[in-house]
Each structure stands twice: as structure tokens, then as C-alpha cells.
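*Asks:* Take a look at the following structure, please.
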Amino acid sequence: MVAVKDTVDQVAGLEKYEHGFVTEIEQEFAPKGLNRDTVAFISAKKEEPEWMLAWRLEAFERWSAMESPDWARVSFPPIDYQDATYYAAPKTKVGPASLDEVDPELLRTYEKLGIPLREQEVLAGVAGAPRYAVDAVFDSVSVVTTFKKELAEAGVIFCSMSEAVREHPDLVRKYLGSVVPVSDNYFACLNSAVFSDGSFVYVPPGVRCPMELSTYFRINAAGSGQFERTLIIADKGAYVSYLEGCTAPMRDENQLHAAVVELVALEDAEIKYSTVQNWYPGDPETGKGGIYNFVTKRADCRGDRSRVSWTQVETGSAITWKYPSCILRGRESVGEFYSIAITNGRQQADTGTKMIHLGEGTRSRIISKGISAGRSSNTYRGLVSAHPKARGARNFTQCDSLLIGKSCSAHTVPYIEARNGACTFEHEATTTRLSEDQLFYAQQRGLPEEEAVQLLVNGFVRDVLQELPMEFAVEAQKLVAISLEGSVG
Amino acid sequence: MLSLRDLRVRVGEREILKGLTLDVPSGEVHAIMGPNGAGKSTLSYVLTGRPGYEVTGGAAELDGVDLLGLEANARAAQGLFLSFQYPLEIPGVPALTFIRAAMNAQRKARGEAEISAPDFLKQARVCASDLKIDFDMLKRPLNVGFSGGEKKRMEVFQMAMLSPRFMILDETDSGLDIDALRIVSDGVNALRGPGRSMLVITHYQRLLDYIRPDRVHVLADGRIAASGGPELALELEREGYDKYARAA
Numbered sequence: 001m002v003a004v005k006d007t008v009d010q011v012a013g014l015e016k017y018e019h020g021f022v023t024e025i026e027q028e029f030a031p032k033g034l035n036r037d038t039v040a041f042i043s044a045k046k047e048e049p050e051w052m053l054a055w056r057l058e059a060f061e062r063w064s065a066m067e068s069p070d071w072a073r074v075s076f077p078p079i080d081y082q083d084a085t086y087y088a089a090p091k092t093k094v095g096p097a098s099l100d101e102v103d104p105e106l107l108r109t110y111e112k113l114g115i116p117l118r119e120q121e122v123l124a125g126v127a128g129a130p131r132y133a134v135d136a137v138f139d140s141v142s143v144v145t146t147f148k149k150e151l152a153e154a155g156v157i158f159c160s161m162s163e164a165v166r167e168h169p170d171l172v173r174k175y176l177g178s179v180v181p182v183s184d185n186y187f188a189c190l191n192s193a194v195f196s197d198g199s200f201v202y203v204p205p206g207v208r209c210p211m212e213l214s215t216y217f218r219i220n221a222a223g224s225g226q227f228e229r230t231l232i233i234a235d236k237g238a239y240v241s242y243l244e245g246c247t248a249p250m251r252d253e254n255q256l257h258a259a260v261v262e263l264v265a266l267e268d269a270e271i272k273y274s275t276v277q278n279w280y281p282g283d284p285e286t287g288k289g290g291i292y293n294f295v296t297k298r299a300d301c302r303g304d305r306s307r308v309s310w311t312q313v314e315t316g317s318a319i320t321w322k323y324p325s326c327i328l329r330g331r332e333s334v335g336e337f338y339s340i341a342i343t344n345g346r347q348q349a350d351t352g353t354k355m356i357h358l359g360e361g362t363r364s365r366i367i368s369k370g371i372s373a374g375r376s377s378n379t380y381r382g383l384v385s386a387h388p389k390a391r392g393a394r395n396f397t398q399c400d401s402l403l404i405g406k407s408c409s410a411h412t413v414p415y416i417e418a419r420n421g422a423c424t425f426e427h428e429a430t431t432t433r434l435s436e437d438q439l440f441y442a443q444q445r446g447l448p449e450e451e452a453v454q455l456l457v458n459g460f461v462r463d464v465l466q467e468l469p470m471e472f473a474v475e476a477q478k479l480v481a482i483s484l485e486g487s488v489g
Numbered sequence: 490m491l492s493l494r495d496l497r498v499r500v501g502e503r504e505i506l507k508g509l510t511l512d513v514p515s516g517e518v519h520a521i522m523g524p525n526g527a528g529k530s531t532l533s534y535v536l537t538g539r540p541g542y543e544v545t546g547g548a549a550e551l552d553g554v555d556l557l558g559l560e561a562n563a564r565a566a567q568g569l570f571l572s573f574q575y576p577l578e579i580p581g582v583p584a585l586t587f588i589r590a591a592m593n594a595q596r597k598a599r600g601e602a603e604i605s606a607p608d609f610l611k612q613a614r615v616c617a618s619d620l621k622i623d624f625d626m627l628k629r630p631l632n633v634g635f636s637g638g639e640k641k642r643m644e645v646f647q648m649a650m651l652s653p654r655f656m657i658l659d660e661t662d663s664g665l666d667i668d669a670l671r672i673v674s675d676g677v678n679a680l681r682g683p684g685r686s687m688l689v690i691t692h693y694q695r696l697l698d699y700i701r702p703d704r705v706h707v708l709a710d711g712r713i714a715a716s717g718g719p720e721l722a723l724e725l726e727r728e729g730y731d732k733y734a735r736a737a
């Protein structure tokens, strides 16, 4: 258990939230508030074509007529959308061509976060070490995307959304909003109006993306939100594995992160999408501050035998409200959802998935591990539905909750709809308390209490950790440990 | 040497140990026998630091170190090991992972370097083979789905790996058939030696045919009611605990 030992050393030398620093950098902001002008301002900043602005404005009109949803098991005071800034960008020109043009302060930020932006350093690493390409999004803009050239040689497009709108308008127009329609829900609609940046990936037919792709989202500016938009398309027979990571400074105010992620998998294509979410969770004692993580993530398994798997490790945010879902449209398409959601302190999470079986012989699998500690609340909410044509659809759901301490809560809200008689749905759920007997047993063998908890929790989430790409699994394991720091005693 | 002086322990409102005094010199094996409810398991738990046991008086020292002031894990690092009557299942944590983490935690507490992966595996292979444990079993989550006998064997395996200097065996024979009892006893006997002591808690004399004690004590109503050589165990087997229960 190298990771456990590392963790203990790391935890010992840590503030409660490791990524809580602020980068001092000159930034440019949109005027405070949200109206048509704000939307036009963002679109102009990004030098977008007319159609994109029209799309945004339509979204804004629809959003103005919508109401904030209240069905999730989370509570927060009403958000004043006029009291926030919807665009914040470091004062360099949009999309620097090389790292030399990136503000050194920004580079230092990513260095501190452990994100490799220098290709030569990644390349100079230990032989055989995993390489992955990074798109680094800082507040509202992508500051750099690595390995673009090498990926382009394989035919893979990996760039910021802003660049995709300018450089690949046909692909963007064809797929943007095709999985999550503009007015899908309140936060997705808001995102459609004001989305700033995010990543765009297109993998052409038959291509296996030669490396892991990842986007690192960083909220830095105060009083702003982040509204990223990510679109990944795997054309026929293509394969791509993608990971997103996120952190933010510690601030006393709540900041909104309303992202939309759309995945499209055509015939025989496969997309693996992993998230390690570590937004600032707020003060564990008072509950002050932290990110509101209200995110819409959906995959469309459009082609026959296509496959999408969502893996998420959710440890941060004051409130998490997200349901990465799969629309299983193609015949025999497969959707998977592996989730670890940890809440501690005063955090609230309402998360899960939707598996919509439309096509014949479609299969899905859901493994959810919720861990609640402190005074937090952790809800799994999931829908599995089979439509009349989805004959032979199968789902297996396993939903386990672990409670640590006496003041937290866990809830499981599964919805199951079978609209034909030829589908098989299985649902298993357990709720357990971290047992004092197990803890004592581990301590009797010499493990200090915190280390014993980490070991037991790592055991609890093992099935899901195994689904993460190797290089991130270790990271995720550490994060799990850090998130539960101070959860016992 | 383990030295207990007038140890008094309460669980909730009830006094379980009522002034227990006992010495187990270094290198010796002592057996504790006694009727149900005499306080045998309480003794093993209070020595190893399980929460919920309130020490109201007396002292417990291992080679001069006051055990009662230490956390359970610190006592383990002092070389104290309890073979549980009912070993716990640890889902998702392979046995080897668990034991290595425990071993390194103990080493760290003692200011020693961590064991290297090859050395650890080498040692594990030897111990597993001695106890006739299939090595693949050690890659499975600890005790999950193991039979009662397998769990007891895993306890002795952990004991062999961690190499403690004071071992408490709490009803290690329960749930074992004759073959398993022999294998486990051989494993325990292999750990006997100078500088190492054991407290063997059992209901039955049977185990003591395999693990020969230097001394036998009768624990009744929270105190040591009688002490003697191995012949005392035979006498108890013949006559039962009535005499001591009445005396108490």
C-alpha cells in the first residue's frame, strides 16, 4: 500500500484543501451581470461566427423563462445570477501558439497543481511512463493544449472549444447540442448561453487515439463562475479515453460551475470518460464557500455496438448535482457508470446516472459507491429505463453507501421503468456503517486510526478505482484519503 | 514479561475484571481457562486497547511499558498481537495488502525502514507454505468468504508475518477440525522461543495437547482463581469449573 503511506505523509503536511491557492495574474472580465450584452460580449471575445451568437442568444431567451429546479436533495440560498461575472480570462491573446507565449505565472500554477504542460518534460519522463495530452482551461479560456501536432498526425482533433468553433465549424454545428439540447434543463440552458471554453475532441473512423486526453479545469477569479462546454465525438470504430480534473481556490463565497459535456459514439466506437472532481468543498466547519457543481453530462451511443463508460471520483464541491447519462440508441450499445462520491464536512451531493435503453439488446452497468462523513449528505439518484423497442435490454445496478460517523446521511433514489416485457434489470443496494470492529481489528494489527479508515474505504471503492486509467487511479486513491481527513474521532 | 497488577475493568455499569493479577515471564506460554462470562475475552480486549472497556484500577505492563496509556496501534507496534476469536472480514482489501500496510505501520512506529516488496513477498511465501495456505488466497480480500478454519489460519499467518513478542490467542481452536487444529498449532509452536510469550485463552484442554503451556490459570469471576502446571488443565477437563465458580 504505497499510496496509503504516501497519503499519510502528504496529509500530515497539508492544509485541508491542497489546491486552495490563488494565482495573481492580470485578468480581463466581462461586466458583472447577465443579459444579452453579456452573451454578445463573450461571443465577441471568442471571435465567434454569427450562427454561434444566434445559438447562444436563443439559449439565453429560453433560460430567462425557466426556473431553477428544486427536486434534488440539496439546499442552497437562491443564486443571484446578476451578481456574478461570466467571463474571466488571463490578459494574453486568445489561444497562444506556444508555451513561450503563456504567462509564466500561469505555467507556475499548473506546475504547482502537478499538471504537465511541457511536452518535452512529459517526453523526457521515465521510459514507458504513460503520456497524456492536456487542454488547460483557466477560468473562461483554454490557455494551452499539448501534443496537438502528434494527435493531428493520427487524425485526432483535440483543441479548445473556442478554437473548434472557429476551425471546425461543420463538426461543431453538427454535434453541439445534439445530445444535450439547448433547453434541456436550467443549468444546461444557462451554459448554452454563456459557455466560455472547454475541450473539443474528434476521433476519425477507425482511429484509436494514441494517448490519453485530459482537460484540467481551474477556477481562479473571484466572483466568477465557470461554464465549460465539452464535446467529444468518436466516429465509427474509433476509441478515445478522456479525463477531466478540476480544482479551485478557497473562497468564502460560493462559485457556480455549470458545465455541459456531450459525448457522441457512432457505430462500434468507444469512449471512456473519467472525472476526478476536486473543486473547493467549502469550509468543513461552517460550510462557508465552495463550488456549486451543477453539471449536465450525457452520452449518446448513437451507433450500433457503441460503448461509453463514465467513471467519476467526486470528492470536492460544496454541492454536487450531476448525472452522467447514456442514451443507448444503437443496437447492442453499452453504457457504464462507475462512481465514487465522497462527502465530508458540510458537503451535499445528489449524483447518479440515467441509462436510457432505446435500442434492442442494449446493456448497461452501474456501480455506485457513496461515502458520507462529517455532517454531509450524499444521495444516489438513478434512472434505468427501457423503451418498447429495447427488447432484450439488460441492466445491472449496484449501489453501496458507507457511513462514517453519526451525523451524516446517505440516500438512494432509484427509478426503474421497463416498458417492454423482454428486459432484465437487476438492482442491488447496501448501506453500511464503517464498523468499529473492523477499525479495531486493523488498529490491533498496527494501523493508526486514520490509516485504518483509509484502507477500509479504499477497499470499499476498489471496484470503481479499477476502472480509472492506471495513472489516475493512484491519484484518485490519494484524493479519497485526503477528502476523508478528520472524518473519524 | 507481561505483568498485570490488580487489574479492574468495567464495561458499562458492569465490573468484569475484579482485581486480576498475573505475570507471564518472557519465553513462556500460559493458558487461561475458565467458564463462560469469567472475563477471558475482556482480558484480551482490554490488553489490546479495544474501545469500550474502562480500566478503573490496576496496571498492565509489557516489559516495563505501560500498555494502558497507549492507543491500540501503538500497543501492536510494541509487539502485542491478538488472534481474534472472530476474525473480521475486510472487503476489497487483499490479505497481502492489509498485512503489508500493518507491517509497515508498525515499523514506522518503531522508527524502522519499510520492508521492500520482494522481501515481503518472500516472507509471505514461506509463512503461507508453513501454514499450508494457498498463496492465491492471500490475494483475495482478507477473510471475505473464508471458512472459520481458514480465518483462524489467516490469524496465525498474520501473527507469523508480524512476528510479535507477546501473543494472545483467543479461542483459536474454536471452529477448527482436527487437521486444521494440528496445522494451526504447529504454526503457533513454531513461533515459540526465547523472548516471546503467549497467553492462550481456551475453554477446552484439547488445544493444550497441541500447544503445551508452561502454566495454566483459572479465570473465574474476574480474578485468577487458581494457577498450576499443565496438570491443572487435565483436572479442569475432569472436574469442570464448578468448584471455582462456587468459590467466587
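Protein chains in written order, with the numbering used here: chain S, 1 to 489; chain C, 490 to 737.
Virtual Cβ for every residue (Gly too), placed ideally from N, Cα, C.
These figures come from a predicted structure and were not determined experimentally.
1) May I ask which residues mark the beginning and end of the alpha helix (DSSP H) holding Gly42(S)?
2) With 9 Å as the limit, tell me which residues of the stretch 653-665 of chain C have their beta carbon closer than that to any beta carbon of chain S; keep them in chain order.
3) How about Val292(S) and Gln347(S): do their beta carbons lie closer than 9 Å?
4) Determine the closest residue to Gly637(C) out of Ala679(C), Leu670(C), Ala594(C) and Glu504(C), with distance taken between C-alpha atoms.
5) Within 10 Å of its beta-carbon, does Tyr415(S) have 16 or more other beta-carbons around it, so buried, or fewer, so exposed?
6) Among residues of its own chain, excluding the 5 on either side of Val582(C), which ones have a beta-carbon nearer than 8 Å to its beta-carbon?
7) Any idea what DSSP makes of Gly382(S), helix, strand or coil?
8) Is there a C-beta anywhere in chain C that falls below 9 Å from the one on Val126(S)?
9) Closer than 9 Å, CB to CB, is Ala584(C) near chain S or not?
10) On the criterion of 16 or more Cβ atoms from any shown chain inside 10 Å, does Asn594(C) qualify as buried, or is it exposed?
11) Using CA atoms only, rank isn't needed, just tell me which of Asn344(S), Arg62(S), Val182(S) and Ile327(S) is closest to Glu336(S).
12) Quick one: what's got a C-beta closer than 8 Å to Ala679(C)'s C-beta in the same chain, skipping five residues either side?
13) Just to check, is the beta-carbon of Cys399(S) closer than 8 Å to a non-hydrogen atom of the ligand PLP?
14) What are the partner residues of His257(S), as DSSP defines its beta bridges?
15) Helix, strand or coil for Lys236(S)? Go by DSSP, reduced to three states.
16) Check distances from the C-beta atoms of the stretch 536-568 of chain C to those of chain S and list, in chain order, the residues that come in under 9 Å.
17) Below 6 Å CB to CB, which residues in the same chain sit around Val313(S) once its five sequence neighbours on both sides are set aside?
18) Taking one C-beta from the stretch 540-550 of chain C and one from the stretch 656-670 of chain C each time, how about it: are there three or more such pairs within less than 8 Å?
19) Counting only beta-carbon atoms, is Arg433(S) nearer than 9 Å to chain C?
20) Does the beta carbon of Gly581(C) come closer than 9 Å to any beta carbon on chain S?
21) Would you decide whether Gly718(C) is buried or exposed? Buried here means 16 or more other CB atoms lie within 10 Å of its CB.
22) Straight-line CA distance for Pro210(S) to Gly155(S)?
23) I'd like to know if Gln647(C) contacts chain S, where contact means its C-beta is closer than 9 Å to some C-beta of that chain.
24) Over the uninterrupted alpha helix (DSSP H) stretch that includes Ile667(C), give me the two end residues.
25) Step through the CB atoms of chain C and report whether any lies within less than 9 Å of the CB of Asp350(S).
26) Look at the alpha carbon of Gly361(S) and the alpha carbon of Pro181(S), and state the distance between them as a whole number of angstroms.
27) Mind reading off the beta-carbon distance from Pro204(S) to Asp170(S)? Whole number of angstroms is fine, and I expect it under 8 Å.
28) Please name the residue in Leu725(C), Asp710(C) and Leu627(C) whose C-alpha comes closest to that of Leu697(C).
29) Go through the stretch 630-669 of chain C residue by residue and report every complete run of the beta strand (DSSP E) that reaches 3 residues or more, in order.
30) Check for me: the alpha helix (DSSP H) holding Cys159(S) runs from which residue to which?
31) Distance check for Arg229(S) and Asp80(S), CA to CA, integer angstroms please.
32) Please list, in chain order, all residues of the same chain as Thr38(S) whose beta carbon is under 8 Å from its beta carbon, the five residues on each side excluded.
33) Where does the unbroken beta strand (DSSP E) through Thr545(C) begin, and where does it stop?
34) Spell out whether any CB of chain S is found under 9 Å from the CB atom of Gln595(C).
35) If you reduce the DSSP assignment to three classes, tell me which class Gln567(C) lands in.
36) Closest to Thr353(S) by CA distance: which of Trp310(S), Thr343(S), Gly316(S) and Thr315(S) is it?
*Replies:* Well, looking at it:
1) Reading the first sequence from its first residue, position 42 is the one you call residue 42(S). In the sequence as presented, Gly is not what sits at residue 42(S); that position holds Ile. Element bounds for Ile42(S): Arg36 to Lys45.
2) none
3) What you label residue 292(S) is simply residue 292 of the first sequence in a count that begins at 1. What you label residue 347(S) is simply residue 347 of the first sequence in a count that begins at 1. Here residue 292(S) turns out to be Tyr, not Val, going by the sequence shown. No, they are not a contact pair.
4) Looking up residue 637(C) in the second sequence gives position 148. The residue with the shortest Cα to Cα distance from Gly637(C) is Leu670(C).
5) Here residue 415(S) refers to the residue found at position 415 of the first sequence. So Tyr415(S) counts as exposed.
6) As a working mapping, residue 582(C) is identified with position 93 in the second sequence. Counting only Cβ-Cβ distances below 8 Å, and skipping sequence neighbours, we find Pro630 and Leu631.
7) Taking the first residue of the first sequence as position 1, residue 382(S) is located at position 382. Strand at Gly382(S).
8) Here residue 126(S) refers to the residue found at position 126 when the first sequence is read from its first residue. Low per-residue confidence applies at Val126(S): pLDDT is 40, beneath 50, and the placement is therefore not dependable, though the value from the model is reported in the following sentence. Taking Cβ atoms only, chain C never reaches closer than 9 Å to Val126(S), which makes this a no.
9) The sequence position of residue 584(C) within the second sequence is 95, counting from 1. Ala584(C) does not count as touching chain S.
10) Taking the first residue of the second sequence as position 1, residue 594(C) is located at position 105. For the record, residue 594(C) in the displayed sequence is Ala; it is not Asn. Buried is the call here.
11) Taking the first residue of the first sequence as 1, we reach residue 336(S) at position 336. Checking every option, the nearest Cα to that of Glu336(S) belongs to Ile327(S).
12) By one-based count along the second sequence, residue 679(C) stands at place 190. Answer for Ala679(C): Asp619 and Ala649, listed in chain order.
13) Absence of the ligand PLP from the depicted structure is noted, as is the absence of any ligand whatsoever, leaving it without description.
14) Position 257 of the first sequence holds residue 257(S). The secondary-structure analysis by DSSP pairs His257(S) across a beta bridge with Gln226(S) and Asn293(S).
15) As a first step, residue 236(S) must be located in the first sequence, where it is residue number 236. Coil.
16) Thr537, Gly538, Arg539, Pro540, Gly541, Glu560, Ala561, Asn562, Ala563, Arg564, Ala565 and Ala566
17) Numbered from 1 along the first sequence, position 313 holds the residue referred to as residue 313(S). So the qualifying residues of the chain are Val276, Ile340 and Ala476.
18) no
19) As a working mapping, residue 433(S) is identified with position 433 in the first sequence. Cβ-Cβ to chain C under 9 Å: no for Arg433(S).
20) The residue given as residue 581(C) occupies position 92 in the second sequence. Cβ-Cβ to chain S under 9 Å: yes for Gly581(C).
21) Locating residue 718(C) in the second sequence gives position 229, where the first residue counts as 1. With fewer than 16 other Cβ atoms within 10 Å, it is exposed.
22) The residue you call residue 210(S) lines up with position 210 of the first sequence. The residue you call residue 155(S) lines up with position 155 of the first sequence. Each residue's Cα considered, the two are about 10 Å apart.
23) Translated into the one-based positions of the second sequence, residue 647(C) becomes position 158. Gln647(C) counts as touching chain S.
24) As a position in the second sequence, residue 667(C) is number 178, starting the count at 1. Run containing Ile667(C): Ile667 to Ala679, per the alpha helix (DSSP H) assignment.
25) Residue mapping note: residue 350(S) aligns to position 350 of the first sequence, counting from 1. Chain C contact via Cβ: absent.
26) Stepping through the first sequence from its first residue, residue 361(S) is reached at position 361. Stepping through the first sequence from its first residue, residue 181(S) is reached at position 181. It is roughly 26 Å from the alpha-carbon of Gly361(S) to the alpha-carbon of Pro181(S).
27) The residue labelled residue 204(S) in the question sits at position 204 within the first sequence. The residue labelled residue 170(S) in the question sits at position 170 within the first sequence. Incorrect: roughly 14 Å between the Cβ atoms, too far for contact.
28) On the second sequence, position 208 is the one that residue 697(C) refers to. Of the listed residues, the one whose Cα sits closest to Leu697(C) is Leu725(C).
29) Unbroken beta strand (DSSP E) stretches of 3 residues or longer found wholly inside the stretch 630-669 of chain C: 655-659, given in chain order.
30) Your numbering for residue 159(S) matches position 159 in the first sequence. Here Cys159(S) belongs to no alpha helix (DSSP H); instead the beta strand (DSSP E) covers Ile157 to Ser160.
31) Numbered from its first residue, the first sequence carries residue 80(S) at position 80. Numbered from its first residue, the first sequence carries residue 229(S) at position 229. Approximately 22 Å between the Cα atoms of the pair.
32) Counted from its first residue, the first sequence places residue 38(S) at position 38. Closer than 8 Å at Cβ, skipping near neighbours: Ala30, Pro31, Tyr86, Tyr87 and Val194.
33) The residue given as residue 545(C) occupies position 56 in the second sequence. Glu543 to Leu551 is the extent of the beta strand (DSSP E) around Thr545(C).
34) Position 106 of the second sequence, counting from 1, holds the residue named residue 595(C). At least one chain S Cβ lies under 9 Å of Gln595(C).
35) Along the second sequence, one-based indexing puts residue 567(C) at 78. Gln567(C) falls in the coil class under three-state DSSP.
36) In the first sequence, residue 353(S) corresponds to position 353, counting from 1. It is Trp310(S).
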